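Residue numbers (this note's numbering): 151 to 244.
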């Protein structure tokens, strides 16, 4: 639960920014992610935004819906389009 208050229908991205942690701190605090306890840490910032721009000094990987779309990116911008995708679903029968 990296972003425990996220809603999939509010037209916003929920962004979790985790500032520098040492390796021992990462291992110590990692379990908090499973119950949302990390959001109260001083090294963590939570944001709700309509768009976000990310830039890095070195190339970073970019993933979209779990798929790797590139490894040579230094900058990318992501914008949300509310209600742009229609989804039709039903209740599976037992």
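Every residue gets a Cβ at the ideal spot worked out from N, C-alpha and C, and that includes glycine.
Only a predicted model underlies this, so the values are computations on that prediction, with no experimental measurement involved.
Legend entry - Bridge partner(s) assigned by DSSP for residue 175: Here residue 175 refers to the residue found at position 25 of the chain shown. None, per the DSSP bridge assignment.
Inset, instruction - Could you name the residues of the same chain whose beta carbon sits closer than 8 Å to that of residue 211, not counting the 5 residues immediately before and after it, in chain order? - result: On the chain shown, residue 211 is found 61 positions in, with the first residue counted as 1. Cβ contact annotation for residue 211 (same chain, cutoff 8 Å, sequence separation greater than five): 218, 220, 221 and 223, in chain order.
Inset, instruction - Work out the CA separation of residue 204 and residue 236 for me, nearest whole Å. - result: Sequence index remark: in the chain shown, residue 236 carries index 86 (1-based). Sequence index remark: in the chain shown, residue 204 carries index 54 (1-based). So the alpha carbons of these two residues sit roughly 28 Å apart.
Inset, instruction - From the DSSP output, read off the bridge partner residues of residue 227. - result: Mapped onto the chain shown, residue 227 falls at position 77. Per DSSP, 203.
Inset, instruction - Along the beta strand (DSSP E) that carries residue 165, what are the first and last residues, could you check? - result: Residue 165 sits at position 15 when you count from the first residue of the chain shown. Counting along the chain, the beta strand (DSSP E) containing residue 165 begins and ends at 163-168.
Legend entry - Inter-residue CB distance, residue 166 and residue 196 (contact presumed, cutoff 8 Å): Your numbering for residue 166 matches position 16 in the chain shown. Your numbering for residue 196 matches position 46 in the chain shown. The Cβ separation is near 6 Å, so the contact holds.
Inset, instruction - Just the C-alpha distance for residue 151 and residue 161, rounded to the nearest angstrom, thanks. - result: For the purposes of this step, residue 151 is taken as residue 1 along the chain shown, with counting starting at 1. For the purposes of this step, residue 161 is taken as residue 11 along the chain shown, with counting starting at 1. Rounded to whole angstroms, residue 151 to residue 161 spans 19 Å at the Cα level.
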